[in-house]
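Peer 1: The following block contains the structure, expressed as structure tokens.
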Amino acid sequence: MGRDFHLQVKISTTDFNNAAIPWEGKGNTLSESVQVCQWLEQAGVDAIHVSCGSMFPHPKNPAGDLPMKEAGMTYDIMSASGRHTRRNLFFFRTWPFNAAFRWWWVHNRGRVVEGINLSDSRAVKQAVGIPVICTGGFQTASVIRQAVSGGDCDGVSIARSLVANNDLVKLFAQGHDCAPRPCTYCNKCMLHTLKNPLGCYEESRFESREAMLKQIMSVFEPPPFR
Ligand code: SF4
Numbered sequence: 039m040g041r042d043f044h045l046q047v048k049i050s051t052t053d054f055n056n057a058a059i060p061w062e063g064k065g066n067t068l069s070e071s072v073q074v075c076q077w078l079e080q081a082g083v084d085a086i087h088v089s090c091g092s093m094f095p096h097p098k099n100p101a102g103d104l105p106m107k108e109a110g111m112t113y114d115i116m117s118a119s120g121r122h123t124r125r126n127l128f129f130f131r132t133w134p135f136n137a138a139f140r141w142w143w144v145h146n147r148g149r150v151v152e153g154i155n156l157s158d159s160r161a162v163k164q165a166v167g168i169p170v171i172c173t174g175g176f177q178t179a180s181v182i183r184q185a186v187s188g189g190d191c192d193g194v195s196i197a198r199s200l201v202a203n204n205d206l207v208k209l210f211a212q213g214h215d216c217a218p219r220p221c222t223y224c225n226k227c228m229l230h231t232l233k234n235p236l237g238c239y240e241e242s243r244f245e246s247r248e249a250m251l252k253q254i255m256s257v258f259e260p261p262p263f264r
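Structural data, given as structure tokens:
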């Protein structure tokens with residue numbers, strides 16, 4: 039690509055590999071990942087993007103809920119292939135397995151969602167000289183400002199919060215600390231993506247189901263083909 043091409047590496051600085059499956063090993067640790075980030079800097083990488091988790095989804099990535107109805111829908115679509123999809127579909131659809139797994143998932147996520155990776159990001163930032171970007175449920179201006187000015191990172195990346203409020207940056211510019219209807223971290227959007235358009239599927243954020251569907255379907259306006 040040449041040296042003038044911006045090359046950024048996204049890394050799960052802590053794997054938490056046993057967070058979902060307790061009998062597995064912990065995976066990569068923060069100190070190992072800090073060493074990797076230093077090697078990446080020496081190799082010419084332009085920026086590091088800090089995340090976490092050894093798989094996707096993971097209790098800490100994207101940090102939030104695991105909605106079982108939507109999880110069952112996703113595994114229903116995938117059930118024709120894969121080694122564990124039918125087993126997972128059974129667990130996600132069957133009480134009390136689904137309730138127990140959901141409890142375990144949220145329990146291992148922990149209390150913090152917004153800024154969940156900031157301590158890892160800070161450790162990387164202290165070890166390298168290149169910019170460090172942090173992901174993890176950001177949607178509050180004061181939290182982001184503190185993360186950057188406090189030396190935890192040079193910037194943050196945002197996905198779900200912009201799916202929920204695609205005008206979030208404009209709201210910040212107008213002086214709002216957060217959106218009037220923030221992302222609830224329900225993770226329904228993530229589990230709908232195999233079957234339905236990318237959008238916010240948290241009905242409680244809308245006046246009505248119709249309003250939610252209207253916003254989701256707005257991705258087709260204007261239509262891509264005429
Ligand atoms: S469905 Fe909406 S509220 Fe739920 S995580 Fe996605 S964007 Fe946030």
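For the sequence shown, the working numbering gives the first residue as 39, with consecutive numbering after it.
All residues carry an ideal CB built from backbone N, CA and C; glycine is no exception.
1) Hey, is the stretch 222 to 230 in contact with the stretch 95 to 110, meaning 3+ C-beta pairs nearer than 8 Å?
2) Taking 7 Å as the cut-off, does the CB of Val-144 come closer than this to any heavy atom belonging to ligand 1?
3) Tell me the rounded alpha-carbon separation between Lys-233 and Gly-189.
4) Of all the options Ser-199, Leu-229, His-230 and Met-228, which has the alpha carbon lying nearest to the alpha carbon of Ala-217?
5) Using the three-state DSSP reduction, which class does Cys-172 fall into: helix, strand or coil?
6) To which residues of the same chain is Phe-129 closer than 8 Å at the C-beta, ignoring the five residues directly before and after it?
7) Can Gly-63 be considered in contact with ligand 2, in the sense that its beta carbon sits closer than 7 Å to one or more heavy atoms?
8) Leaving aside the five residues before and after Met-39 along the sequence, list all residues of the same chain whose C-beta is less than 8 Å from its C-beta, in chain order.
9) Round the Cβ separation of Ile-59 and Ser-89 to the nearest angstrom and send it over; I've been treating them as touching at under 8 Å.
10) I'd like to know whether the C-beta atoms of Lys-98 and Ala-57 end up nearer to each other than 8 Å.
11) Quick check: what's the CA-CA separation for Ile-196 versus Gly-153?
12) Once you ignore the five residues that flank Asp-215 on each side, which residues in its own chain have a CB closer than 8 Å to its CB?
13) With DSSP as the reference, label Ala-137 as helix, strand or coil.
14) Is Ile-59 helix, strand or coil by DSSP?
15) Strictly under 8 Å for the Cβ-Cβ distance: is His-230 near chain C by that measure?
16) I need the DSSP call for His-230, collapsed to helix, strand or coil.
17) Check whether the Cβ atoms of Val-74 and Ala-161 lie closer than 8 Å to each other.
18) State the DSSP-derived secondary structure class of Gln-177, mapped to helix, strand or coil.
19) If you draw a straight line from the alpha carbon of Met-250 to that of Arg-41, how long is it in whole angstroms?
20) How about Glu-240 and Lys-226: do their beta carbons lie closer than 8 Å?
Peer 2: The structure says:
1) When Cβ pairs closer than 8 Å are counted between the two stretches, the stretch 222 to 230 is seen to touch the stretch 95 to 110, the count reaching three or more.
2) A distance criterion of 7 Å places the beta-carbon of Val-144 beyond contact range of ligand 1, judged by its closest non-hydrogen atom.
3) Cα to Cα, the separation comes out at about 40 Å.
4) Distances from the alpha-carbon of Ala-217 to those of Ser-199, Leu-229, His-230 and Met-228 put Ser-199 closest.
5) DSSP, reduced to helix, strand and coil, places Cys-172 within a strand of the structure shown.
6) Hits under 8 Å: Phe-135, Asn-136 and Phe-139.
7) This structure simply doesn't include ligand 2; it includes ligand 1 instead.
8) Within the same chain, Met-39 has close Cβ partners Leu-45.
9) About 19 Å separates the beta carbon of Ile-59 from that of Ser-89, a gap too long to meet the 8 Å contact definition.
10) Cβ atoms of Lys-98 and Ala-57: closer than 8 Å.
11) Rounded to whole angstroms, the separation of the alpha carbons of Gly-153 and Ile-196 is 11 Å.
12) The answer, listed in chain order, is Thr-178, Ala-179 and Ser-180.
13) Reduced to three states, the DSSP call for Ala-137 is helix.
14) Ile-59 falls in the coil class under three-state DSSP.
15) The chain inventory of the structure shown lacks chain C, comprising one protein chain alone.
16) If DSSP states are grouped into helix, strand and coil, His-230 belongs with the helices.
17) Taking a C-beta distance under 8 Å as the contact criterion, Val-74 and Ala-161 do not qualify as a contact pair.
18) Coil, per DSSP.
19) The alpha-carbon atoms of Met-250 and Arg-41 are separated by roughly 45 Å.
20) Less than 8 Å divides the Cβ of Glu-240 from the Cβ of Lys-226.
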